[in-house]
Amino acid sequence: MEETLKIINKMQADGILGKYAIGGAIGASFYLEPTSSLDIDIFASFKEMGSSLDPLRPIYDYLLPLGARPENEHLWIKGWLVQFLPAEGGLCEEALSEAVQTTVRAVPTWVMSAEHLMALALKLGRHKDLARVERFIEIGSYDQSKLDDILRRHNLIDKWKAISDK
Amino acid sequence: MSELMDKILADKLATRKQLARLPFDEKLAIMEKIRSRSVLLAENSLRKPKSAPLAFSSKANNIHD
Numbered sequence: 001m002e003e004t005l006k007i008i009n010k011m012q013a014d015g016i017l018g019k020y021a022i023g024g025a026i027g028a029s030f031y032l033e034p035t036s037s038l039d040i041d042i043f044a045s046f047k048e049m050g051s052s053l054d055p056l057r058p059i060y061d062y063l064l065p066l067g068a069r070p071e072n073e074h075l076w077i078k079g080w081l082v083q084f085l086p087a088e089g090g091l092c093e094e095a096l097s098e099a100v101q102t103t104v105r106a107v108p109t110w111v112m113s114a115e116h117l118m119a120l121a122l123k124l125g126r127h128k129d130l131a132r133v134e135r136f137i138e139i140g141s142y143d144q145s146k147l148d149d150i151l152r153r154h155n156l157i158d159k160w161k162a163i164s165d166k
Numbered sequence: 001m002s003e004l005m006d007k008i009l010a011d012k013l014a015t016r017k018q019l020a021r022l023p024f025d026e027k028l029a030i031m032e033k034i035r036s037r038s039v040l041l042a043e044n045s046l047r048k049p050k051s052a053p054l055a056f057s058s059k060a061n062n063i064h065d
C-alpha cells in the first residue's frame with residue numbers, strides 16, 4: 001500500500017490532486033480491526049478538474065503512463081485498486097479538511113477521522129456502510145461528543161438513532 | 001442465549017478490540033495476508049462465477065505491481 005500512497009503523494013506534489021484523505025473500508029481500518037478490502041477510496045479535491053463529463057480525465061492522463069491500469073471506475077496502482085472520489089458536499093468537504101495526518105510504513109498520508117467516517121457511512125446508508133457504523137459502536141473507537149456535533153450539523157441524528165438504539 | 005455463547009461472543013469482541021488497537025502498519029500486514037487468501041479462494045473454480053470480475057483474476061493481480 002505504501003507504494004500506492006507514494007504515487008498519490010506525487011500526484012499531489014505535481015498539482016493533480018489537492019488535499020486528499022483515505023476513506024471507506026481502508027479508512028475505517030485505521031480505527032477498527034483489520035478486514036479484507038481490495039480497494040482504497042481516495043477522497044480528494046481535484047485541482048485540475050476535467051470537463052464535467054469526464055472529471056477524472058487529468059488523473060487518468062497522469063497515471064496511465066506510470067503503469068496504472070483502469071478497471072471499471074477504479075485504477076490498479078502498485079497492486080491496489082484505487083477509486084478517486086471528488087470530495088463534494090458539506091460533509092465530505094469537512095471530512096477532507098479535518099482529515100488526520102498519519103503514516104503508512106513511513107509514507108505520510110491523510111485519513112478521515114473516525115467520526116467523519118461514521119457520519120459518511122450513515123449518510124450513504126447501504127447495508128455495508130451501516131455494518132461499518134455498528135463495528136465502530138462495538139469497538140468504541142470514536143469521540144461521541146465530536147460525532148454528535150457532526151451528526152447535528154449534517155442532519156443525521158435520526159439515522160444515528162435508528163442504528164444506535166438497536 | 002447460553003452462558004457459553006455469551007462468553008464466546010464477549011471473547012470475540014475483546015479480540016476485535018485488541019486488534020483495533022494495533023498500529024496501522026501491523027493491521028496492514030494482517031490485511032495483506034487476508035487479502036491474498038481472499039484472492040486465492042476466489043481463484044477456486046467452485047467460487048468463480050461465469051463472468052468473474054477482473055479484480056479476482058490472476059491476470060489482474062499479476063500485471064499491475
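Going down the list, the sequences are from chains A and B.
My numbering puts the first residue of the first sequence at 1, with every later residue one more than the last.
My numbering puts the first residue of the second sequence at 1, with every later residue one more than the last.
Note that CB positions come from ideal geometry on N, CA and C, so glycine has one too.
Take A/E98, set aside five residues on each side of it, and the residues of its chain with a beta-carbon closer than 7 Å to its own are S113 and H116, in chain order.
Assignment of beta strand (DSSP E) within the region 46 to 115 of chain A, counting only whole runs of 3 or more residues, yields 69 to 71, 74 to 77, 80 to 86, 100 to 104 and 107 to 111 in chain order.
Here A/F30 carries a coil assignment [DSSP, helix/strand/coil].
Residue contact check for B/I8 against chain A: no CB pair falls below 8 Å.
Chain-order list of chain B residues neighbouring A/I59: empty, with the shortest C-beta distance near 16 Å, by a criterion of under 9 Å.
According to the DSSP assignment, A/L130 belongs to no beta strand (DSSP E) but to the alpha helix (DSSP H) extending over H127 to I139. Legend: CB atoms of the region 130 to 159 of chain A lying less than 7 Å from CB atoms of chain B belong to residues E138, I139 and S141.
When the Cα atoms are used, B/E43 and A/K128 turn out to be separated by approximately 24 Å. Look at the region 19 to 31 of chain B: the residues with a C-beta under 9 Å from a C-beta of chain A are L19, A20, R21, L22, F24, D25, E26, K27, L28, A29, I30 and M31.
The beta-carbon separation of A/S36 and B/I34, rounded to 4 Å, stays under the 8 Å limit for a contact. Listed in chain order, the positions of the region 93 to 120 of chain A with a beta carbon within less than 9 Å of a beta carbon of chain B are T102, T103, V104, R105, A106 and V111. For A/A21, the closest C-alpha among the options A/A44, A/T4 and A/S141 is that of A/A44. Against chain B, a Cβ distance below 8 Å from A/S164 picks out nothing, because the smallest value is about 17 Å.
Annotation: the continuous beta strand (DSSP E) that includes A/K19 extends over L17 to G23.
Per DSSP, A/M1 is not a residue of any alpha helix (DSSP H), being assigned neither H nor E. Note on geometry: alpha-carbon atoms of A/Y62 and A/L75 lie some 12 Å from one another. The C-alpha of A/Y60 is placed about 41 Å away from the C-alpha of B/T15. One Cα belongs to A/I137, the other to A/L147, and the distance between them is close to 11 Å. Residue range Q144 to R153 is occupied by the alpha helix (DSSP H) that includes A/L147. Within the same chain, Q83 come within 8 Å of A/E73 by CB-CB distance, once the 5 residues on both sides are set aside. Nearest neighbour of A/K78 by Cα position, chosen from A/E2, A/K159 and A/K166, turns out to be A/E2. A/S29 belongs to the set of residues whose beta carbon lies under 8 Å from a beta carbon in chain B. When A/E88, A/I163 and A/L124 are compared, the shortest CA-CA separation from A/R135 is found for A/I163.
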